[in-house]
Structures are given as C-alpha cells and as structure tokens.
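Under our numbering, think of the first position of the sequence shown as 45, with each following residue one higher.
Positions of the beta carbon are idealized from the N, C-alpha and C atoms, including for glycine.
Note that this is a predicted model, so its numbers are computed, not measured.
Down below is the structure, laid out as structure tokens.
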Amino acid sequence: MQQTRAAKHAKQAKQRKAAASRNAATVATNLPMLTAMDDTLFGLLAEPWGDFTDTYPTVEEAVAAAEEAGGGLSCFSFHDSGEYERSLHRDTDDWRYEVALYPRGPLRELVKTTWLDADDRDQAMEQLHRVLAAYVPESLRRPGLETVQRPSTTSVPRIGWAQSLPVAGMQTWEDLHLAEKKLPLLDLAPFAVGPGRAYEPLPEETFALFHEHGLSARACAGCGAPVTDRHPHWPGVLVSVEYEGGPVCDRSRLGGGAVRRVGHVLDADQARPAGQLTGKEQKVPCQNCDVHVTEQHPDWPGVWAEAGGYSRPVCAVVGSVGDDAKAYDLVDCVYPHIPAGADSPAAAAIAAAKKSRYFFQPRLPIFQASWGR
Ligand SMILES: [Zn+2]
Ligand SMILES: [Zn+2]
C-alpha cells in the first residue's frame, strides 16, 4: 500500500524532483539526452536538447540537481559524429563538465570481444585503459585527455576517453557548449570507430596493439570482425557483437556472398563452403519462433540451426525499445534458437529479454513456414 502511494507520488513529482531522488546511475539512463556537438547544423528540433534545457534551464540548476543526485548527473548521447556521455560531477570543491567519447563500430566490438575473452576481466579492464590510451594518435594526445570507465547499464563495461572543463563562470548552456567545442577530445571522434575509413574492418595494426597489451583480440578470417567464443548466449561459438550478425559470417574477405549461413573462422583454411543437410537429421521446433531446428547441421556443430532454408542459427534480434545508452552496453544483440523440450545456455537469457521487452521477433509467419521445411 505504502509502495503504491510512494509510486504515485513519484509520478506526480516527475521531472527534476524524481530525477534527483534516484541515484546517479539511474538518473543517467532516464534523462533526456543532451544535444550533440553540432546540433546547430541539424536543427534543435531533431535533438532532445530542448527537453534537457526545459528540465534544467540553467547550468546552475543542473548542478543543483547533480548535487541532490549525490554528486553527479550524466547523459548519453548518440550522434553521427560519435557516442558521447556528458556529465556534471564534483571534483573536490569544484564542479566539472565532462565529455566522454566511446569506441563505436568495429573498435567497440574489439573492446567488448576482448573483454569477453579475458580470463581475468579486472586485469582486462586495466589493459583496456592502457591500450585505449596508446591508441590515441600522438598528434592528438593532450594533458587532461584520459581514458575513463563510466557506469554501464549492463554487465559489460563502458570504457572510453574523456576530457573535462570547470563549470565555474558558465552561466548558460551555450557558454558550456562553446567551451566544449574547443575540447581536443572532439578531434578523436573519427578514430573512435577505427583508425582507417569509417566502418572498414580494423587493420591488423589495431589487433597487434591489443596483443601488445596482453589482450586476446581475435579477428575472423572470413569477414575481419573481432570475435569471441565466450559470449554468454553462444558458448564455444565464435560471434561478433556489433551488427546483429552474431555467429554468422558474410565471408566478405573471401569472396563473400554466402547464401547459406556459415560461421566465423579464425583461419581462412577453415572457411569451407556451406555444408548440406541430408534431410535425415533429427529436428524439433524452436520454442520461440517455431522454425524447425537441428543440432546436426554440418556447419553448426553444437548449435541449433534451421533444419532447412538458409540454416540460420539466429532466432531473434534484440529490439530497439531501449534508449541509446542501454543499447550501447548490450552485446547480446542476437539470440540462438531454443529447441522445444530441450534446454540451452540462452534459454534463461531469452526469458529475461522477453520480460524486459528486449526481444524482437524479426520473422514474419509466412516466411517461417517456408524456411522451416
Ligand atoms: Zn566472420
Ligand atoms: Zn527460434
């Protein structure tokens, strides 16, 4: 009863008061996003900056809210130019405004897969700090530009680079915005995706740099994506964690164009053409998508793959019902099939994902029938 009343009260006192009463980490995920760096180019309407400034019209009010929230307030912001988190936090007696820039695309994938690969994940975090510091091109290194780990919305760590400036003397958000634009950190943004052209596979040098720092850093020989075989939903199966491909390789480095779904390979010699089913395999329907699946597909030993069609081993792709901050910390973007009447390591994860609505069923029923033959 008391809880209901408290909940009702919290609802009424929404916005600033409710935000301030939660802890800093929760606040970070529930706040509207701060504007992106070049919002003036894209127009204010396209950015949630208005929401934020409605809630905190002045820097002073945001600092007061951060104070109430326990010394910090932060906002994740996804934008074409990068993935950022802006925060206000107290540094001894002074308030500082920090901009953090996170790896994205292939570099994010390399960070996450090496962390998943690690036997000692605490040690891996230290190694990741060092490797991300070393990754910054020498011409862009500046005092005050450092690597940081900030609260994640999942068990996967959120690590990146940050730079901050004092809030003292900043009256308006525009003051802060103009000061932010001069941060050398912003010059690092194009490198946050990789050292080469945007969204190209990472070069060997980047993997070598990770190796020098004691990290596993494994690339698929078929597509160049960083892969791990320690993803909690796909134990023992090489998966990528960035573009919803999961265990499926496009073999783009080896001619590509595989219609049937084949797995990642660490060695190009292992990249055999897709295997064929004999039709005599044992098959059962998947609990979640009703496609008939078999564990005996030659390309997918130990994995429940479609018993026909394109032999897809992926059952579902996570939906985008969460905000960008939550999406950033996810690595479980694809789920395997779960055979009816049997169990698999991903069963509990899928059940939890369904509960939190992080479950999107991409197949239309009309396709299920033909693919499941
Ligand atoms: Zn691959
Ligand atoms: Zn399924």
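Does the region 338-356 come close enough to the region 316-329 that 3 or more CB-CB pairs lie under 8 Å? yes
Taking a contact to mean a Cβ-Cβ separation below 8 Å, would you say R186 touches P228 in this structure? One-based indexing of the sequence shown puts residue 186 at position 142. One-based indexing of the sequence shown puts residue 228 at position 184. With contacts defined by Cβ atoms closer than 8 Å, R186 and P228 form a contacting pair.
Which residues DSSP lists as bridging H221, in chain order: By one-based count along the sequence shown, residue 221 stands at place 177. Beta-bridge pairing links H221 to no other residue.
Could you tell me which whole alpha helix (DSSP H) segments of length 4 or greater appear in the region 337-398? Counting whole runs of 4 or more residues, the region 337-398 contains the alpha helix (DSSP H) stretches 368-373.
According to DSSP, simplified to helix, strand and coil, what is R274? Within the sequence shown, numbered from 1, the residue matching residue 274 stands at position 230. Reduced to three states, the DSSP call for R274 is coil.
Does DSSP put H133 in a helix, in a strand, or in coil? Numbered from its first residue, the sequence shown carries residue 133 at position 89. In this structure, H133 counts as strand in the three-state DSSP scheme.
May I ask whether a heavy atom of ligand 3 can be found less than 7 Å away from the beta carbon of G299? Questions concerning ligand 3 fall outside what the structure shown contains, since the ligands it does hold are ligand 1 and ligand 2.
Going straight from the alpha carbon of L145 to that of Q320, what length do you get? As a first step, residue 145 is located in the sequence shown; it is residue number 101 there, counting from the start. As a first step, residue 320 is located in the sequence shown; it is residue number 276 there, counting from the start. Cα to Cα, L145 sits roughly 45 Å from Q320.
Check whether the region 124-131 and the region 160-180 are in contact - that is, three or more C-beta pairs closer than 8 Å. No, the region 124-131 is not in contact with the region 160-180.
Between the beta-carbon of F254 and the beta-carbon of P181, is there less than 8 Å? Against the sequence shown, residue 254 aligns to sequence position 210. Against the sequence shown, residue 181 aligns to sequence position 137. Not a contact, by the Cβ cut-off of 8 Å.
Pull every residue with its beta-carbon under 6 Å away from any heavy atom of ligand 1, and keep them in chain order. C264, G266, C267, A269, C293, H308
How would you label E142, buried or exposed, when you count the other beta carbons within 10 angstroms and need 16 or more for buried? The residue labelled residue 142 in the question sits at position 98 within the sequence shown. So E142 counts as buried.
Tell me which residue opens and which closes the beta strand (DSSP E) that Y243 is part of. Position 199 of the sequence shown, counted from the start, is the residue given in the question as residue 243. Note, Y243: premise wrong, no beta strand (DSSP E); not H, not E.
C-alpha gap between T102 and S131, whole angstroms: Residue numbering aside, residue 102 sits at position 58 when the sequence shown is read from its first letter. Residue numbering aside, residue 131 sits at position 87 when the sequence shown is read from its first letter. Pairing T102 with S131, the inter-Cα distance amounts to about 15 Å.
Secondary structure of E111, DSSP reduced to three states: The residue you call residue 111 lines up with position 67 of the sequence shown. Looking at E111 - three-state DSSP - the assignment turns out to be helix.
Contact test: C377 Cβ vs ligand 2 heavy atom, cutoff 7 Å: The residue you call residue 377 lines up with position 333 of the sequence shown. Short note on C377: C-beta not closer than 7 Å to any heavy atom of ligand 2.
Host beta strand (DSSP E) of T102 (start-end): Working through the sequence shown from its first residue, we reach residue 102 at position 58. Looking at the DSSP string, T102 is not in any beta strand (DSSP E), and its letter there is neither H nor E.
Apart from the five residues just before and just after A312, which ones in its own chain have a Cβ nearer than 7 Å to its Cβ? As a working mapping, residue 312 is identified with position 268 in the sequence shown. Once the five neighbours on either side are set aside, the close Cβ partners of A312 are A265, L298.
Assign V155 to one of three DSSP states: helix, strand, or coil. In the sequence shown, counting from the first residue as 1, residue 155 sits at position 111. In this structure, V155 counts as helix in the three-state DSSP scheme.
Closer than 7 Å: is that where the CB of E361 sits relative to any heavy atom of ligand 2? Counting from one through the sequence shown, the residue named residue 361 turns up at place 317. Reading the sequence as shown, one finds Val at residue 361 and not Glu. For ligand 2, not one heavy atom lies less than 7 Å from the Cβ of V361.
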